[in-house]
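Following: one structure in structure tokens, then a few remarks.
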Amino acid sequence: MTNPLHDALFAPLSGRHSPLLILQDGTTLSADAFLRRIARQAHALRGAGVAKGDRIAAQVAKTPEALALYGAAVALGAVFLPLNPAYTPGEVAYFLGDSTPRVFLCDPARQASLAPMAARHGAALLTLDAQGGGTLTDMAAAQPDGFDAAPCGPDDLAALLYTSGTTGRSKGAMLTQRNLLSNAQALAQLWRFTADDVLLHALPIFHTHGLFVASNVSLLTGGAMIFLPGFDADTVLRLLPQATAMMGVPTFYTRLLSDPRLDRDLVAHVRLFVSGSAPLLAETHQAFEARTGQRILERYGMTETNMNTSNPYDGQRRAGTVGFPLPGVELRLTQGDTEVATGDIGQIEVRGPNVFAGYWKMPEKTAEELRPDGFFQTGDLGRLDADGYLRIVGRMKDLIISGGFNVYPKEVEMLLDAVPGVQESAVIGLPHPDFGEAVFAVVVPKAGVRLEAAEVLSGIGGRLARFKQPKAAVVVAELPRNAMGKVQKNVLRQTYAGWFAS
Ligand code: AMP
């Protein structure tokens, strides 16, 4: 038995002395040195009691050591569980209690407050700081730099990623070696990654986008990564000329566009810009092309399924769509148990080697969302164009039912966004005494523009059936977003909950 993920991503780094990670200060870490770091960490973690199948939870900054920790977990056949550094101790307590990791890593600055919690859940506490130092690194220093990877099968768990959980309890998505490897292989091929690529990596590595899409594709194909601790426009603009590819969330692109230094020459060397994790406005897509000559390639995925669809590399990258199913991924749109006709809106369901093994310790929740025939109900609503491009219309839980009629927020948002002076918008349903829910718009003006809510509403008047028209709107400076740039509609619903109260 082998360890497929280790064999594909990490073992080939051996003996390769070219840079794997290029850091923001210009220093580099070779592939071989990175693999030796993984080996030393794996020994240290085994010394701390980690065995195959154990969870290794880590709430740490993005550093080469944190990425090596993922490699060490894979080598041990352990289950890697990265946590957003923004989680509060209360949230961390839930994750530790639910996942009962053997080891929990945190920043030394939080050690004192988190130690009792780790002890309560039986986890050994190790530290890793934003410079890569801490007890893990100290323990690893004296260890041998070769490690025989634990034998694993494709169905063994490699990672447990908690969903962002905007409603209800956050759920742990169990991801197998097959899930991760099959998806990396499909994306690498589709997006033409090779050993010559240099990927600008500014995404967090506690989330599927940065940890799996970006890192796995690059590791699998033997390229290098410009490995940044986060997105900082100055640093990204300085280093982009060295990159051949960048993966980002839409806010990366809007921030780059707001900087006049972004131009055609600066990105002449880049062959691919990918966007995902939140909808990329068609306007951003067009503005980016006008400025740089590059058409951003948008793809769609989620924690539970890895990536599902992508715009084509060679064919037309259609703004406002997420393209076609990846090779090996089946897609259907349903209402209830019935497939909808082409062009109609339905829930996006997917099946394939990318789809997770279920929610950790939640068999009922798993059975609710994973159908017996293997299709996963994503909770996203979509529509297929006549030529097969998928458009995401929103989340099912964001669907508004006003006076008994369905209103898809995206349809209203697209009209609002086209009103002169509007930068972006979010449409939500709020409790209303007559209608059950009423359509409500939150609108952000373009920089330097003064907008009145009434003016925006009259800008779309007559272009929508009455029941779809927002009953009220507010103008705000910005929309609340999470770390991946997703608009937090739950926060907006809370903020304006009483708006229509009688
Ligand atoms: P997460 O599990 O945090 O990766 O969130 C997954 C969700 O993000 C999906 O279910 C979609 O609702 C949304 N999402 C991801 N990619 C896109 C995209 N390209 N366009 C629109 N929504 C997206």
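When you line the sequence shown up against my numbering, it's residues 56 to 557, in that order.
Using N, Cα and C, we set each Cβ at its ideal position, and we do this for glycine too.
Aspartate 87 has its alpha-carbon roughly 5 angstroms from the corresponding atom of arginine 71. The count of Cβ pairs closer than 8 angstroms, one atom from the region 235–255 and one from the region 130–137, stays below three, leaving the stretches out of contact.
Around the beta-carbon of aspartate 435, 16 or more other beta-carbon atoms lie within 10 Å, marking it buried. Looking at the DSSP output, alanine 214 shares a beta bridge with Phe135 and Leu230. Here glycine 104 is exposed. Its C-beta has fewer than 16 other C-beta atoms within 10 Å. Segment contact: the region 105–118 against the region 179–188, three or more CB-CB distances shorter than 8 angstroms; contact assigned.
DSSP places glutamate 533 in the coil class of the three-state scheme, outside both helix and strand.
Spanning the alpha carbons of methionine 302 and glycine 265 requires a straight line of approximately 8 angstroms.
Here the alpha carbons of threonine 339 and asparagine 409 stand approximately 29 angstroms from one another. Relative to asparagine 461, the option among Thr83, Thr182, Gly491 and Val377 whose CA is nearest is Gly491. Beta bridge pairing from DSSP links glutamine 478 with no other residue.
Relative to the ligand AMP, the beta carbon of threonine 263 is positioned inside 7 angstroms of a heavy atom. Under a 10 Å Cβ-count criterion, lysine 416 is classified as exposed, with fewer than 16 other Cβ atoms of the shown protein chains found around its own Cβ.
Histidine 324 is classed as exposed because its beta carbon has fewer than 16 other beta carbons within 10 Å across all chains shown. Closest option to threonine 550, judged by alpha-carbon separation, among Ala538, Val531 and Lys541: Val531. By the Cβ criterion, the region 382–396 is not in contact with the region 340–353, since fewer than three pairs of Cβ atoms, one from each stretch, lie closer than 8 angstroms.
With the rule of 3 Cβ pairs closer than 8 angstroms, the region 267–285 does not count as touching the region 313–320. Taken from the Cβ of isoleucine 447, at least one heavy atom of the ligand AMP lies inside 7 angstroms. Taking isoleucine 260 as reference, the option from Leu124, Ser168, Gly401 and Tyr308 with the minimal CA-CA separation is Leu124. When rounded, the separation of the alpha-carbon atoms in alanine 337 and valine 498 is 17 angstroms.
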